[in-house]
């Protein structure tokens, strides 16, 4: 059986965001390995604020799928998987933190009731290029003396591509095992690696078995495929719009007498295609 990739946000939420004991336990273990790696307080239990239900996405196939949960202390957790690079993602994750943080109190409640909010971003690309670490952890610190302004802000980035290729599965620990699972599962020819991961810990065995169950669920597969098709269609539309914008720029530049090499540089359109555009513009001008 071919496993689906857990780095697909739909699959990830089906694994960690369903209202059942296994999914909830896997989420707690993933969270605690993330927090333990940075010396933060661990979580005993969670309550889903937006549990997974594939029917919710039947007519909204391009919605952002994240996991929102509340701990036994009333703290909020938001987890999101991001596969494609986004220029403004740092601001977006900070916005998600701020929005979630504001939701921890009601209108008539004092600020003292605000609860710690943890945002975990799981990235399939190099998002924090200033660091080679696969797990970066951000808090509010005084610039010189490094004391914490408040413990209420935590933003984590887990960057899947930064897992060291040379490191053997048997040498991985804690959050590295989760990153290896996210990186390797769902790829063709990785069956042996998945079996080695499964033998590493009870958590790995449980999450791989859960992924096998998700991958064999026909209703989930149908919803997954529909979501993937919608995304591919959206990507195609964006690519077409981008290409048309470049063509329009080239046409305008030719009408204004710009040089062919200059237009190639600013539009990144191949020279052969630009020559066709130039011919079309000249024929329209005659």
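Residue numbers (my numbering): 1 to 286.
Ideal Cβ placement from N, Cα and C applies to all residues, glycine included.
Per DSSP, reduced to three states, the secondary structure at residue 214 is helical.
In the structure shown, residue 233 adopts helical secondary structure according to DSSP, grouped into three states. Rounded to whole angstroms, the gap between the alpha carbons of residue 219 and residue 256 is 56 Å. The residue from 211, 41 and 248 with its alpha-carbon nearest to that of residue 2 is 211. The Cβ atoms of residue 134 and residue 159 sit closer than 7 Å to each other. Residues 52, 65 and 67 of the same chain have their beta carbon placed closer than 7 Å to that of residue 13, with the five preceding and five following residues left out of the count.
At a Cβ-Cβ threshold of 7 Å, residue 104 and residue 76 count as neighbours. Around the C-beta of residue 285, fewer than 16 other C-beta atoms lie within 10 Å, and the residue is accordingly described as exposed.
Below 8 Å, too few C-beta pairs join the segment 137-144 and the segment 168-187 to call them touching: fewer than three. Excluding residues up to 5 positions away in sequence, 7, 83 and 160 lie with their Cβ nearer than 6 Å to the Cβ of residue 124 in the same chain. Contact between residue 79 and residue 122 holds, since their C-beta atoms are separated by about 7 Å, short of 8 Å. Boundaries of the beta strand (DSSP E) around residue 70: 66-71.
Taken through DSSP and simplified to helix, strand or coil, residue 10 comes out as helix. Going by beta carbons, residue 186 and residue 5 fall inside the 7 Å limit. A direct Cα-to-Cα measurement between residue 184 and residue 118 gives close to 26 Å.
Within the model, the alpha-carbon separation for residue 231 versus residue 88 is close to 20 Å. Annotation: residue 69 to residue 97 spans about 13 Å, alpha carbon to alpha carbon. Judged by DSSP in its simplified three-state form, residue 269 adopts coil rather than helix or strand.
Using a Cβ distance threshold of 7 Å, residue 239 and residue 267 do not count as a contacting pair. Per DSSP, the continuous alpha helix (DSSP H) segment holding residue 100 begins and ends at 89-102.
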